[in-house]
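Report on the following structure.
Residue numbers (our numbering): 3 to 89.
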């Protein structure tokens, strides 16, 4: 057999998306929802202009133990934009 394939891929494979946007979010419940909606509007418009074959994206929200409702806001965004926003 050949080499074992990693579940995460390698640097030698073609990318699956053109843009990965990493959003660190700590106690951002008040601002996160608006920022994500505005960002998604821009990214959807860009994908419509360029075409899905030329422009694809993902948003990855990183919450490291917020004491407010940041994680809940992020999860709701994941439900609104399935497959595009990840937590």
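Glycine included, C-beta positions come from ideal geometry on N, C-alpha and C.
Member of the options whose CA lies at the smallest distance from the CA of residue i
i: residue 31; options: 85, 13, 68; result: 68
i: residue 27; options: 20, 37, 18, 19; result: 37
i: residue 63; options: 12, 24, 10; result: 24
i: residue 21; options: 85, 14, 58, 73; result: 58
i: residue 80; options: 51, 61, 43, 40; result: 61
i: residue 71; options: 49, 29, 14, 85; result: 29
i: residue 104; options: 39, 47, 49, 15; result: The first residue shown for the chain is 3 and the last is 89, placing residue 104 beyond what the model contains.
Counted within 10 angstroms of its Cβ, other Cβ atoms place residue i as buried (16 or more) or exposed
i: residue 34; result: buried
i: residue 75; result: buried
i: residue 45; result: buried
i: residue 18; result: exposed
i: residue 12; result: exposed
Whole-angstrom C-beta distance between residue j and residue i, which should lie under 8 Å
i: residue 65; j: residue 89; result: 7 Å
Problem - Complete runs of the alpha helix (DSSP H) confined to the segment 26-76 [at least 4 residues] - result: DSSP assignment within the segment 26-76 yields the following whole alpha helix (DSSP H) runs of 4 residues or more, N-terminal first: 31-52.
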